[in-house]
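Participant: Chains as they are written, first to last, in the working numbering: chain A, 1 to 180; chain B, 1001 to 1180.
Take this structure, written in structure tokens, and hold onto it; I'll ask about it next.
Number of protein chains: 2
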Amino acid sequence: MTDRNYHHGDLRRAALTATVEALEDGGGPAALSMRDVARRAGVSHAAFSHHFGGKRGLLAAVAAEGYDLLADALSAAGDDLIEAGVAYVRFAAGHPAHFEVMFSPELYDRDVPEAAAAGWRARRALTEALSASANETTELAAWSMVHGFASLWLSGSIPHGPADDAGDFARPVIRLLAVP
Amino acid sequence: MTDRNYHHGDLRRAALTATVEALEDGGGPAALSMRDVARRAGVSHAAFSHHFGGKRGLLAAVAAEGYDLLADALSAAGDDLIEAGVAYVRFAAGHPAHFEVMFSPELYDRDVPEAAAAGWRARRALTEALSASANETTELAAWSMVHGFASLWLSGSIPHGPADDAGDFARPVIRLLAVP
DNA sequence: CTGAGATGTTGTCAATGGTAAGATTCTGGC
DNA sequence: GCCAGAATCTTACCATTGACAACATCTCAG
């Protein structure tokens, strides 16, 4: 194991995993403690500063990872408008911590190259998935619809059981989008 | 002035105002400091515990106020689906701090009677505004659409200048909703 | 083998949220 | 008018946090 080494070996990955874990069972970014994350990862409280340059840097890395995951999910969904929307909602429901951090710009510096590049990738994947409807307004409408559903779902505003699939709930809703 | 009194007179109101002010120019709920809010309101940091029972209580009061404001805005917009949506977006853009707190359930206890009641009022106003389209799925679609637009607008994902009116930007988008 | 750089740790500091104990003001009954 | 009790606010203290600096350990090119 890597335990015996002074050097962790893959602290960056361990940090991201621990951060997401802490965010998900700890009550959101407001309650996130770097020292708690460090304990989860089994390192000292100051270890992250070196890799991420502070809390904001750590969250920027989480956001970047989230954008990458979202881009992958959208690409995998193909170019069907409905199913891309379903994939968007599923991503949010499956990665609530990433999703929340991604769209909380006050939590990290958006011009961190890593995060900015990943954000671009995701944005491009979204545009391509909606390429059938060339109209920009339509794209914004579709994005608003799925993003809103995802937000409401995550905030508990849409009643649902723990085993319910957000994507299935969202599909009939997304269908109410008037695509030209 | 009220400065000379030991008792503030209307600390509750002053606290809410100061909290919203701090949230809006301070960088979101994660960075909110009760001591900073107390300084803005000109009282000691422990004064709030008495009225709100801690940070969560303070944020619950902000959420309750937000729900009330939203309910008023929706009621004033009448029962036109489009204009109600525009009002929803305008509320979010005009009260970003309230909006963010309202839909961040991890920040406060939702069963605080004050907040729960106000939430109910807002929810009812929303349903009534959409009463023309009795369908529940349609209501959810409309809500998702405007909520998503508002979230994206606030997070800076929709490019806009500081003077741009979110409602006007949203109207053509909301029109793409297929109402029966 | 060696020293320079990368990786982690320990120690310290100011700031924060919570709580307890005390000070001040308000209120209602006489 | 007056005073006891309640409401309101302050001061004092504590554990925890994020940032930073100084130090320890490891890695690797030459």
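Yeah, the Cβ is synthetic: ideal placement off N, Cα and C, and Gly gets one too.
(1) Short of 8 Å Cβ to Cβ, which residues in the segment 1133-1144 of chain B face chain A?
(2) I think S151 (chain A) touches S1151 (chain B), with their Cβ atoms under 8 Å apart; what is that distance to the nearest whole Å?
(3) Count the other CB atoms, across all protein chains shown, that sit within 10 Å of the CB of R1090 (chain B); report buried if there are 16 or more and exposed otherwise.
(4) Give me the DSSP bridge partner(s) of L130 (chain A).
(5) In terms of residue numbering, what span does the alpha helix (DSSP H) encompassing F91 (chain A) cover?
(6) At 4 residues or longer, what runs of the alpha helix (DSSP H) sit wholly inside the segment 133-166 of chain A?
(7) Determine the closest residue to E139 (chain A) out of B:T1137, B:M1145, B:N1135 and B:L1140, with distance taken between C-alpha atoms.
(8) Report yes if the C-beta distance between A1170 (chain B) and G1085 (chain B) is below 8 Å; otherwise report no.
(9) Can you confirm whether S131 (chain A), when its beta carbon is compared against all beta carbons of chain B, has any partner nearer than 8 Å?
(10) Since A1041 (chain B) contacts A1018 (chain B) with CB under 8 Å, what's their CB separation in whole angstroms?
(11) Quick check: the Cα distance between A22 (chain A) and A1030 (chain B), rounded to an integer number of angstroms?
(12) Name the chain A residues that come within less than 8 Å of L1070 (chain B), Cβ to Cβ?
(13) Where does the unbroken alpha helix (DSSP H) through S1104 (chain B) begin, and where does it stop?
(14) Reducing DSSP to helix, strand and coil, say where L176 (chain A) ends up.
(15) Would the segment 60-77 of chain A count as touching the segment 91-102 of chain A if we require 3 or more Cβ pairs under 8 Å?
(16) Is G1057 (chain B) close to chain A, meaning its C-beta is less than 8 Å from at least one C-beta of that chain?
(17) Quick test of your reading: E128 (chain A) and D79 (chain A), contact by CB under 8 Å. State the CB separation rounded to the nearest angstrom.
(18) Rounded to whole angstroms, what's the CA-CA distance from L1126 (chain B) to G1057 (chain B)? Just pull it up for me.
(19) Which stretch, first to last residue, makes up the alpha helix (DSSP H) that contains V37 (chain A)?
(20) Take the Cβ of S1157 (chain B) as the centre, count every other Cβ of all protein chains shown within 10 Å, and call the residue buried at 16 or more, exposed below.
(21) Taking a contact to mean a Cβ-Cβ separation below 8 Å, would you say L1074 (chain B) touches A1087 (chain B) in this structure?
Facilitator: So, to answer that:
(1) T1137, T1138, L1140, A1141, W1143 and S1144
(2) Counted from its first residue, the first sequence places residue 151 (chain A) at position 151. Counted from its first residue, the second sequence places residue 1151 (chain B) at position 151. So it is a contact: roughly 5 Å between Cβ atoms.
(3) Locating residue 1090 (chain B) in the second sequence gives position 90, counting from the first residue. Flag for R1090 (chain B) reads buried.
(4) Translated into positions along the first sequence, residue 130 (chain A) becomes position 130. DSSP lists no partner for L130 (chain A).
(5) Taking the first residue of the first sequence as 1, we reach residue 91 (chain A) at position 91. Its alpha helix (DSSP H) spans residues L81 to G94.
(6) 136-154
(7) Start at 1 with the first residue of the first sequence, and residue 139 (chain A) comes out as number 139. It is B:M1145 whose Cα lies nearest to the Cα of E139 (chain A).
(8) Locating residue 1170 (chain B) in the second sequence gives position 170, counting from the first residue. Locating residue 1085 (chain B) in the second sequence gives position 85, counting from the first residue. Yes. Within cutoff.
(9) Along the first sequence, one-based indexing puts residue 131 (chain A) at 131. No, no contact with chain B.
(10) Stepping through the second sequence from its first residue, residue 1041 (chain B) is reached at position 41. Stepping through the second sequence from its first residue, residue 1018 (chain B) is reached at position 18. Yes, they are in contact, since the Cβ atoms of A1041 (chain B) and A1018 (chain B) sit about 4 Å apart, within 8 Å.
(11) Within the first sequence, numbered from 1, the residue matching residue 22 (chain A) stands at position 22. Within the second sequence, numbered from 1, the residue matching residue 1030 (chain B) stands at position 30. Their backbone Cα atoms lie some 15 Å apart in a straight line.
(12) Start at 1 with the first residue of the second sequence, and residue 1070 (chain B) comes out as number 70. Ordered by position in chain A, no residue passes the 8 Å Cβ test against L1070 (chain B), which lies about 12 Å from the chain.
(13) Within the second sequence, residue 1104 (chain B) is the residue found at index 104, counting from 1. Run containing S1104 (chain B): none; DSSP gives neither H nor E here.
(14) The residue you call residue 176 (chain A) lines up with position 176 of the first sequence. Coil, per DSSP.
(15) yes
(16) What you label residue 1057 (chain B) is simply residue 57 of the second sequence in a count that begins at 1. False, the Cβ-Cβ gap to chain A never drops below 8 Å.
(17) Here residue 128 (chain A) refers to the residue found at position 128 of the first sequence. Here residue 79 (chain A) refers to the residue found at position 79 of the first sequence. Right, their Cβ atoms sit about 7 Å apart.
(18) For the purposes of this step, residue 1126 (chain B) is identified with residue 126 of the second sequence, where counting begins at 1. For the purposes of this step, residue 1057 (chain B) is identified with residue 57 of the second sequence, where counting begins at 1. Taking the straight line joining both Cα atoms gives about 25 Å.
(19) Here residue 37 (chain A) refers to the residue found at position 37 of the first sequence. First-last of the alpha helix (DSSP H) with V37 (chain A): M34 to A41.
(20) In the second sequence, counting from the first residue as 1, residue 1157 (chain B) sits at position 157. Burial call: buried.
(21) Here residue 1074 (chain B) corresponds to residue number 74 of the second sequence, with the count starting at 1. Here residue 1087 (chain B) corresponds to residue number 87 of the second sequence, with the count starting at 1. Closer than 8 Å, so yes.
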